[in-house]
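Heads up, the thing below is written out as structure tokens.
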Amino acid sequence: MIETPSLVDQYCHGVLRTELGLGTFEAQLGRGEGPPAAGTTFFDTQTGFAVRRWCPPLLGLEPHCDPARYLARRRELGVLEAGRRLLRGSGITTYLVDTGLPGDLSGPPEMAAAGNAEAHEIIRLELLAEQVADTSGSVASFLANLAESVHAAAAHAVAFTSVAGVRDGLALAPEPPGPGEVRGAAGRWLAGRRAGGTLTDQVLLRHLLWIAVASGRPLQLHAGLAEPGLRVDRSDPALLTDFVRATAGLGNDLVLLHGYPYHRHTAHLAAVFPHVYADLGAALVRTGARAATVLAEILELAPFGKLLFSSGAHALPELHVVGARLFREALSRVLGGWVADGAWSLADAQRVAGLIAAGNARRVYGVG
Amino acid sequence: MIETPSLVDQYCHGVLRTELGLGTFEAQLGRGEGPPAAGTTFFDTQTGFAVRRWCPPLLGLEPHCDPARYLARRRELGVLEAGRRLLRGSGITTYLVDTGLPGDLSGPPEMAAAGNAEAHEIIRLELLAEQVADTSGSVASFLANLAESVHAAAAHAVAFTSVAGVRDGLALAPEPPGPGEVRGAAGRWLAGRRAGGTLTDQVLLRHLLWIAVASGRPLQLHAGLAEPGLRVDRSDPALLTDFVRATAGLGNDLVLLHGYPYHRHTAHLAAVFPHVYADLGAALVRTGARAATVLAEILELAPFGKLLFSSGAHALPELHVVGARLFREALSRVLGGWVADGAWSLADAQRVAGLIAAGNARRVYGVG
Amino acid sequence: MIETPSLVDQYCHGVLRTELGLGTFEAQLGRGEGPPAAGTTFFDTQTGFAVRRWCPPLLGLEPHCDPARYLARRRELGVLEAGRRLLRGSGITTYLVDTGLPGDLSGPPEMAAAGNAEAHEIIRLELLAEQVADTSGSVASFLANLAESVHAAAAHAVAFTSVAGVRDGLALAPEPPGPGEVRGAAGRWLAGRRAGGTLTDQVLLRHLLWIAVASGRPLQLHAGLAEPGLRVDRSDPALLTDFVRATAGLGNDLVLLHGYPYHRHTAHLAAVFPHVYADLGAALVRTGARAATVLAEILELAPFGKLLFSSGAHALPELHVVGARLFREALSRVLGGWVADGAWSLADAQRVAGLIAAGNARRVYGVG
Numbered sequence: 001m002i003e004t005p006s007l008v009d010q011y012c013h014g015v016l017r018t019e020l021g022l023g024t025f026e027a028q029l030g031r032g033e034g035p036p037a038a039g040t041t042f043f044d045t046q047t048g049f050a051v052r053r054w055c056p057p058l059l060g061l062e063p064h065c066d067p068a069r070y071l072a073r074r075r076e077l078g079v080l081e082a083g084r085r086l087l088r089g090s091g092i093t094t095y096l097v098d099t100g101l102p103g104d105l106s107g108p109p110e111m112a113a114a115g116n117a118e119a120h121e122i123i124r125l126e127l128l129a130e131q132v133a134d135t136s137g138s139v140a141s142f143l144a145n146l147a148e149s150v151h152a153a154a155a156h157a158v159a160f161t162s163v164a165g166v167r168d169g170l171a172l173a174p175e176p177p178g179p180g181e182v183r184g185a186a187g188r189w190l191a192g193r194r195a196g197g198t199l200t201d202q203v204l205l206r207h208l209l210w211i212a213v214a215s216g217r218p219l220q221l222h223a224g225l226a227e228p229g230l231r232v233d234r235s236d237p238a239l240l241t242d243f244v245r246a247t248a249g250l251g252n253d254l255v256l257l258h259g260y261p262y263h264r265h266t267a268h269l270a271a272v273f274p275h276v277y278a279d280l281g282a283a284l285v286r287t288g289a290r291a292a293t294v295l296a297e298i299l300e301l302a303p304f305g306k307l308l309f310s311s312g313a314h315a316l317p318e319l320h321v322v323g324a325r326l327f328r329e330a331l332s333r334v335l336g337g338w339v340a341d342g343a344w345s346l347a348d349a350q351r352v353a354g355l356i357a358a359g360n361a362r363r364v365y366g367v368g
Numbered sequence: 001m002i003e004t005p006s007l008v009d010q011y012c013h014g015v016l017r018t019e020l021g022l023g024t025f026e027a028q029l030g031r032g033e034g035p036p037a038a039g040t041t042f043f044d045t046q047t048g049f050a051v052r053r054w055c056p057p058l059l060g061l062e063p064h065c066d067p068a069r070y071l072a073r074r075r076e077l078g079v080l081e082a083g084r085r086l087l088r089g090s091g092i093t094t095y096l097v098d099t100g101l102p103g104d105l106s107g108p109p110e111m112a113a114a115g116n117a118e119a120h121e122i123i124r125l126e127l128l129a130e131q132v133a134d135t136s137g138s139v140a141s142f143l144a145n146l147a148e149s150v151h152a153a154a155a156h157a158v159a160f161t162s163v164a165g166v167r168d169g170l171a172l173a174p175e176p177p178g179p180g181e182v183r184g185a186a187g188r189w190l191a192g193r194r195a196g197g198t199l200t201d202q203v204l205l206r207h208l209l210w211i212a213v214a215s216g217r218p219l220q221l222h223a224g225l226a227e228p229g230l231r232v233d234r235s236d237p238a239l240l241t242d243f244v245r246a247t248a249g250l251g252n253d254l255v256l257l258h259g260y261p262y263h264r265h266t267a268h269l270a271a272v273f274p275h276v277y278a279d280l281g282a283a284l285v286r287t288g289a290r291a292a293t294v295l296a297e298i299l300e301l302a303p304f305g306k307l308l309f310s311s312g313a314h315a316l317p318e319l320h321v322v323g324a325r326l327f328r329e330a331l332s333r334v335l336g337g338w339v340a341d342g343a344w345s346l347a348d349a350q351r352v353a354g355l356i357a358a359g360n361a362r363r364v365y366g367v368g
Numbered sequence: 001m002i003e004t005p006s007l008v009d010q011y012c013h014g015v016l017r018t019e020l021g022l023g024t025f026e027a028q029l030g031r032g033e034g035p036p037a038a039g040t041t042f043f044d045t046q047t048g049f050a051v052r053r054w055c056p057p058l059l060g061l062e063p064h065c066d067p068a069r070y071l072a073r074r075r076e077l078g079v080l081e082a083g084r085r086l087l088r089g090s091g092i093t094t095y096l097v098d099t100g101l102p103g104d105l106s107g108p109p110e111m112a113a114a115g116n117a118e119a120h121e122i123i124r125l126e127l128l129a130e131q132v133a134d135t136s137g138s139v140a141s142f143l144a145n146l147a148e149s150v151h152a153a154a155a156h157a158v159a160f161t162s163v164a165g166v167r168d169g170l171a172l173a174p175e176p177p178g179p180g181e182v183r184g185a186a187g188r189w190l191a192g193r194r195a196g197g198t199l200t201d202q203v204l205l206r207h208l209l210w211i212a213v214a215s216g217r218p219l220q221l222h223a224g225l226a227e228p229g230l231r232v233d234r235s236d237p238a239l240l241t242d243f244v245r246a247t248a249g250l251g252n253d254l255v256l257l258h259g260y261p262y263h264r265h266t267a268h269l270a271a272v273f274p275h276v277y278a279d280l281g282a283a284l285v286r287t288g289a290r291a292a293t294v295l296a297e298i299l300e301l302a303p304f305g306k307l308l309f310s311s312g313a314h315a316l317p318e319l320h321v322v323g324a325r326l327f328r329e330a331l332s333r334v335l336g337g338w339v340a341d342g343a344w345s346l347a348d349a350q351r352v353a354g355l356i357a358a359g360n361a362r363r364v365y366g367v368g
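The structure is reproduced here in structure tokens:
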């Protein structure tokens with residue numbers, strides 16, 4: 001039995017502060033461009049089954065109980081108390097929280113209090129740039145404020161994150177855009193923008209990535225499992241190779257998030273480049289009963305000091321629970337199997353489990 | 001033990017009506033651009049081994065008996081009686097038969113009679129267009145007859161199918177071609193064509209797909225495992241994403257066939273788009289002893305209401321047997337394993353098995 | 001228990017003749033564009049753990065002993081004696097040795113003597129061309145000498161190999177370049193070249209491949225797992241499809257090396273084209289405890305007469321050991337599992353194991 005007494009969740013979001021009905025809850029289990037098809041439900045997915053396996057017992061119910069019964073019990077306890085029980089039952093001891101998604105989501109201090117854990121903030125670069133644009137009067141002041149904001153954020157945040165890549169395909173031009181190019185792009189974006197308008201300009205996104213690289217804080221890049229509106233084959237992390245090579249040796253770490261179904265490519269990049277790390281959180285939550293195999297696939301090439309646990313959870317504390325439980329069980333099964341076969345020693349397996357669960361994240365982010 | 005008392009084979013072809021020698025039989029086991037290499041045989045493949053495992057007992061022989069002995073027994077029984085024993089031993093209760101391939105193949109009524117089962121027709125769009133071209137005198141009459149033929153076919157066929165995508169790469173322009181573009185393409189194709197000439201014009205193929213979408217019947221699109229003459233990487237179903245998005249919300253279902261080795265991409269599309277369904281039949285027949293793993297891989301992302309059994313079998317009733325037996329055994333092993341681990345409840349596993357084996361197909365096609 | 005009494009290692013390199021310190025040894029376990037990241041070591045990889053599992057017992061130590069202890073014992077025995085014990089413990093009975101990499105590496109006769117085995121030479125085309133360029137005075141003499149050298153090499157070498165593909169992406173123009181194009185490329189390359197300069201011109205590389213095809217000796221092409229400086233997605237063997245199709249029926253065999261993480265594509269090509277063979281050696285050494293799964297994945301589509309064992313080892317005899325032991329154990333586990341399930345007969349499994357371990361290579365290369 002491989003033990004992981006500490007878990008640093010190196011990428012997640014906060015949880016919804018409001019009570020949820022069955023339909024709203026179900027909607028959080030899918031990741032599609034529409035509702036479930038007629039005659040189907042998002043509960044009939046690996047994520048839905050994993051939630052029904054792991055979460056009811058934390059609220060005093062039988063595993064696999066009916067979704068309606070689970071939701072009734074959740075409302076009976078209230079969103080706060082249910083959230084506390086779930087987060088405390090996850091086994092996560094440190095949360096790194098991306099605060100850049102919209103919605104009535106708890107921030108790092110609430111996550112820490114509810115989960116009886118540490119919590120730190122991850123800054124989403126696109127949101128930061130949009131906030132700076134909302135309060136800057138000219139192109140020059142926007143660009144100056146942007147640099148200053150990233151610099152200031154680096155002083156308290158543990159990392160930056162960006163969806164630049166998955167939004168338009170990961171084949172970013174690798175080099176930093178020139179100052180004139182950046183000024184031109186900023187001028188066009190600011191001129192056409194209303195307050196709150198989102199940043200999708202590729203030149204400004206690349207400029208942001210390079211400011212973040214210069215900050216010295218780890219930079220988390222989303223890859224794999226395209227978001228709605230995108231194409232999965234444009235999210236292959238191999239497309240990032242040239243950007244990765246351009247940032248090598250600058251003293252900054254890159255963390256490739258998710259990766260699935262291209263997680264073997266993520267692992268390859270983590271093996272080839274000293275400054276690249278691999279994460280697999282969201283993939284385990286999405287693949288449920290298959291988590292052990294998916295984890296084993298990334299463990300083919302990823303050096304054991306380069307892989308980081310996360311839940312990738314968003315909105316439902318159930319997803320933090322599922323991310324943590326699936327990871328722990330998968331890790332124990334995969335490494336334990338290799339020990340049973342004689343392929344690994346037990347001491348090595350324990351040590352590697354500790355690295356992936358918490359030790360690597362502590363070293364990379366300086367937390368916990 | 002997970003049971004699947006009914007099996008709806010949602011995509012297959014008929015079986016050859018003629019007696020087969022060893023060489024002709026062997027040729028049906030390969031899918032290559034040439035004969036087996038010197039010193040090798042197509043019997044030494046997963047498909048060949050699976051046929052030798054499952055079929056001899058249905059003809060009164062030992063599993064894994066020698067191919068020559070099996071073929072001798074098959075000829076002794078005669079092609080009709082051997083076909084009856086094999087199809088009835090497959091466990092398939094409903095066949096959806098693509099009648100669009102050449103060769104002396106049995107049609108749906110013969111499949112129903114031989115297999116003591118239901119059978120329905122799937123119309124191959126390219127063949128329909130070629131038949132219409134053979135009997136139409138002008139561009140205008142061809143286009144009018146084409147629309148009418150698809151409409152008429154929709155009244156009795158359960159689905160349409162097309163290989164448009166895999167023939168030239170799946171990156172189809174997503175929008176319907178304009179009327180002038182279609183008339184121009186039809187004029188060029190009809191002018192250059194002899195009776196029986198095949199349809200490969202991309203504009204006309206896209207036009208056909210859109211007529212089929214408008215018919216309201218499910219449209220089955222081939223992807224993955226490129227046919228001879230093609231390139232496997234151009235058959236990635238992710239390349240269909242833009243076409244899939246363009247057809248969302250029109251009330252028509254798309255079924256992505258085969259998919260392997262990109263079946264995780266097929267599953268992703270089935271998860272993201274309400275109108276997309278996933279099939280894995282041919283992949284199981286091709287990968288034999290690995291069928292359970294391949295099935296488990298598509299079950300990572302595919303919602304359980306979106307996956308459909310098929311055999312993908314063609315020409316040999318042995319392939320219907322192998323498709324059905326491999327599927328049943330794989331499903332029982334995969335879901336049974338998850339039940340044994342506590343990841344799924346037994347009741348859920350039984351319910352999901354019934355959906356994939358037959359229930360989803362009944363709902364999508366209105367059969368059985 | 002599936003036995004493989006003979007092993008033909010159909011692709012490997014020689015071993016370093018010099019004593020190695022811990023750091024130099026560790027560097028051979030990574031394949032990156034830099035040193036291990038701070039706080040990590042290349043010993044914490046599947047390759048590192050596999051070396052620690054299989055090699056210490058061959059030098060009289062416990063499996064999984066500390067790297068420093070292992071290196072001390074290796075130095076105590078001396079590089080020659082350690083190499084003899086390791087190579088003789090690998091179970092490899094025939095080595096096919098690519099002699100085209102730089103470094104103080106043992107050649108085929110030393111490999112034969114140290115390993116108490118047969119050894120034959122594989123000629124790397126790029127190196128041959130560079131050597132010819134070093135000694136040719138004009139474009140005309142270079143091209144004549146090149147053709148003659150390949151012809152002469154074909155008389156004693158068992159195969160040719162080329163990294164043409166993985167260097168610039170595998171999407172080679174499939175047809176042979178014309179004579180004028182070749183003369184022009186040769187003129188430019190020779191004019192700009194100093195003695196020892198490497199060949200990267202795509203026209204000359206394609207010309208070389210076609211000369212090798214005409215020689216009738218098997219041609220081994222690297223694919224998958226890009227070398228440092230490259231991009232993994234440009235190494236997909238599917239990109240070779242057009243070249244493969246262009247060389248079909250010419251009487252020459254192509255062997256696709258490595259392939260991972262695109263080994264299912266390699267298997268597909270081996271299934272479709274009579275003259276294509278698949279290898280998986282380097283992938284097993286890189287993925288260690290996952291070797292059985294990776295082997296099973298290529299056994300989905302690869303006909304059993306088309307898959308060849310290799311170690312892909314370079315520089316360290318430990319890697320020949322690991323390649324051979326991982327392969328044997330993986331093969332026994334995968335095929336043995338299928339026999340236990342009733343999917344394969346034991347006799348078939350034994351026969352197929354013998355083909356993959358040695359028989360296919362004997363037939364293709366005419367060795368052993």
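Protein sequences appear in the order of chains A, B and C.
Numbering-wise (the UniProt record's numbering), the first sequence opens with residue 1 and increments by one.
Numbering-wise (the UniProt record's numbering), the second sequence opens with residue 1 and increments by one.
Numbering-wise (the UniProt record's numbering), the third sequence opens with residue 1 and increments by one.
Glycine included, every Cβ here is placed at the ideal spot set by N, Cα and C.
Using a Cβ distance threshold of 8 Å, Trp189 (chain B) and Asp201 (chain B) count as a contacting pair.
Between the alpha carbons of Gly366 (chain B) and Arg217 (chain B) lies a distance of about 10 Å. By alpha-carbon distance to Met111 (chain B), the top candidate from B:Arg74, B:Arg17, B:Ala361 is B:Arg17.
Using a Cβ-Cβ distance cut-off of 8 Å, the stretch 258 to 270 of chain A and the stretch 233 to 243 of chain A are in contact, since at least three pairs of beta carbons, one from each stretch, lie closer than that value.
Just measuring C-alpha positions, the residue of C:Ala361, C:Asp348, C:Glu121 sitting nearest His64 (chain B) is C:Asp348. In the same chain as Arg328 (chain A), and ignoring 5 residues on each side of it, the C-beta atoms closer than 6 Å to its own belong to Thr4, in chain order. A residue is called buried when at least 16 other Cβ atoms come within 10 angstroms of its Cβ; Glu318 (chain B) meets this threshold and is buried. Taking the Cα of Val352 (chain C) as reference, the smallest distance to any Cα among C:Leu335, C:Ala340, C:Gly368 is reached at C:Leu335. Residue contact with chain C for Phe327 (chain B): absent (no Cβ-Cβ distance below 8 Å to any residue of chain C).
DSSP places Glu118 (chain C) within a strand segment (E or B) once states are collapsed to three.
Beta-carbon to beta-carbon, Leu22 (chain A) and Pro67 (chain A) are separated by about 6 Å, close enough to satisfy the 8 Å threshold. When the Cα atoms are used, Gly83 (chain C) and Gly32 (chain C) turn out to be separated by approximately 25 Å.
Chain C places no beta carbon closer than 8 Å to that of Gln10 (chain B), leaving this residue out of the contacts. In the assembly as shown, Asp134 (chain A) is an exposed residue. Its beta-carbon has fewer than 16 other beta-carbons within 10 Å. Distance between Tyr277 (chain A) and Asp253 (chain A), taken at the CA atoms: about 7 Å.
Under the three-state reduction of DSSP, Phe42 (chain B) is assigned to coil, being neither helix nor strand. Shown here for Asp242 (chain B): same chain residues with a beta carbon closer than 6 Å to its own, the five before and five after excluded, namely Pro174 in chain order. Under the Cβ criterion of 8 Å, Val158 (chain C) is not counted among the residues facing chain B. CA-CA distance, Thr40 (chain B) to Lys306 (chain C), rounds to 8 Å. For Leu269 (chain B), the enclosing alpha helix (DSSP H) begins and ends at 263 to 272. Per DSSP, Tyr260 (chain A) lies in no alpha helix (DSSP H) segment and is marked neither H nor E. Close partners of Glu33 (chain B) in chain C (Cβ separation under 9 Å): Arg245, Ala248, Val272, Phe273, Pro274.
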